[in-house]
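Count the sequence shown with this note's numbering and you get residues 44 to 233, in order.
In this text, a Cβ means the ideal position worked out from N, Cα and C, and glycines have one as well.
The structure displayed is predicted, hence computed values, not measured ones.
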Amino acid sequence: MKRIVIFASGSGTNAENIIKFFNLTKTAIVTNVLCNNEHAKVFERCKRLNVNSLHFNRNDFFKSDKILNILKEDADYIILAGFLWKIPENIIDAFPNKIINIHPALLPNYGGKGMYGMNVHRAVKENNETETGITIHYVNANYDEGAIIFQAKTALNEDDSPEKIAEKIHILEQEHFPKVIEDVILKENA
């Protein structure tokens, strides 16, 4: 059974979905959730689901090996579920093609620094897009530029607000993210 560590920054709905999904499989288990926001709701979810969680700061992440050492102990795969910081190269180098992110748009559109959450949905709306979606991709040294693993699309209506777009994206995330992670693990370990 493979070990997954999830990085999160916020409410943790995707983290919870992934934890629940893998609790029902023999493919992998979530061993830890690491979060850079001490007030994030993901901690409440982890407590309720009996999953280890840890708050860390910029120094732990960027200037020491504290997080890298935890990952070497606990992770075969790293999943970014609403995590907003750029992953340091020492972690990318230690886990090549083992770090997976989900982005709330069809990359390469609407990617890069600052393009997350409602910033993406507002940009999609402002550009009068007729569709949007999710992109699940490997993480490399640049924001949202890693190899694409999977994309799913949803149609947009003229009157869809950014909030409505966010709802449509959330449905796609919940439906696809855990299954795609499992597919990657099964394919790489066949």
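Got a sec? Which residues, its chain only, sit under 7 Å from residue 159 by beta carbon, not counting five neighbours each side?
-> As a position in the sequence shown, residue 159 is number 116, starting the count at 1. The answer, listed in chain order, is 127.
| Does DSSP classify residue 135 as helix, strand or coil? | By one-based count along the sequence shown, residue 135 stands at place 92. Note: residue 135 maps to helix in three-state DSSP.
- Grab me the residues of residue 133's own chain with a C-beta within less than 6 Å of its C-beta, minus the 5 sequence neighbours each way, in chain order. As a working note, residue 133 is residue 90 in the sequence shown. Contacts found: 111.
- Message: Taking only three categories from DSSP, how would you classify residue 176?
- Response: In the sequence shown, counting from the first residue as 1, residue 176 sits at position 133. Residue state, collapsed to three classes: strand.
Pull up the distance between the alpha-carbon of residue 149 and that of residue 175, whole angstroms please. The residue labelled residue 149 in the question sits at position 106 within the sequence shown. The residue labelled residue 175 in the question sits at position 132 within the sequence shown. Residue 149 and residue 175: Cα-Cα distance of roughly 6 Å.
Neighbourhood of residue 55 by C-beta distance below 7 Å, restricted to the same chain and skipping five residues each side = In the sequence shown, counting from the first residue as 1, residue 55 sits at position 12. In its chain, beyond the 5 residues on either side, 83, 84, 85 and 88 have a beta carbon closer than 7 Å to the beta carbon of residue 55.
Q.
By the DSSP assignment, the beta strand (DSSP E) with residue 168 in it spans what residues?
A. Taking the sequence shown and counting its residues from 1, one reaches residue 168 at position 125. Residue 168 -> not in any beta strand (DSSP E); alpha helix (DSSP H) instead, spanning 160 to 169.
(message) Rounded to the nearest angstrom, what separates residue 165 and residue 123 at their Cα positions?
(response) Here residue 165 corresponds to residue number 122 of the sequence shown, with the count starting at 1. Here residue 123 corresponds to residue number 80 of the sequence shown, with the count starting at 1. As the crow flies, the alpha-carbon of residue 165 is around 22 Å from that of residue 123.
Short check: CB of residue 125 to CB of residue 204, under 9 Å? Taking the first residue of the sequence shown as 1, we reach residue 125 at position 82. Taking the first residue of the sequence shown as 1, we reach residue 204 at position 161. Their beta carbons are not under 9 Å apart, which means residue 125 does not touch residue 204 by this criterion.
Quiz prompt | Rounded C-alpha distance that separates residue 190 from residue 202 | solution = Here residue 190 refers to the residue found at position 147 when the sequence shown is read from its first residue. Here residue 202 refers to the residue found at position 159 when the sequence shown is read from its first residue. If you draw a straight line from the Cα of residue 190 to the Cα of residue 202, it is about 33 Å long.
_I believe residue 118 touches residue 48 by the beta-carbon criterion, under 8 Å. Please report the beta-carbon distance rounded to the nearest angstrom._
Locating residue 118 in the sequence shown gives position 75, where the first residue counts as 1. Locating residue 48 in the sequence shown gives position 5, where the first residue counts as 1. Yes, residue 118 and residue 48 are in contact; Cβ-Cβ is about 4 Å, under 8 Å.
Between which two residues does the beta strand (DSSP E) harbouring residue 196 extend?
-> Walking along the sequence shown from the start, residue 196 turns up at place 153. Looking at the DSSP string, the run of the beta strand (DSSP E) that includes residue 196 is 191 to 198.
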